[in-house]
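In my numbering, the protein residues as written are 336 to 456.
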């Protein structure tokens, strides 16, 4: 199992540059939106992702930070975590399913207001 942190912000281009200067990161896996902002950008230090950043669109996401947990290909563990976290949940952004990038998982806010991305990879 691996854990990470995702930030949803406005101004991802500037944020990537700022965090690069502050922490000496390298730009890892990244995907851009049509307007050249980052749909997803991983900032890597010594081979480890420090932070992933995504451009927040006009929707009100509520939380701007998200914990990301991946279960090394274990779909059963993803399903178990999802079923527990969705008890008395506040919001589900994506139901448990396969994402367009191939991971099986979900994105939700638990009853305590913590936003989670859980997936098999």
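In this text, a Cβ means the ideal position worked out from N, Cα and C, and glycines have one as well.
Annotation: residue 391 to residue 344 spans about 5 Å, alpha carbon to alpha carbon. Residue range 410 to 420 is occupied by the alpha helix (DSSP H) that includes residue 417. For residue 437, the number of other beta carbons within 10 angstroms of its own is below 16, and it is reported as exposed. Apart from sequence neighbours up to five positions away, the residues of its chain that approach residue 354 with a beta-carbon distance below 8 Å are 360, 378, 385, 386 and 388, ordered along the chain.
Assignment of residue 351 by DSSP, reduced to helix, strand and coil, places it in the helix class.
Residue state for residue 373 is assigned as strand, using DSSP reduced to three classes.
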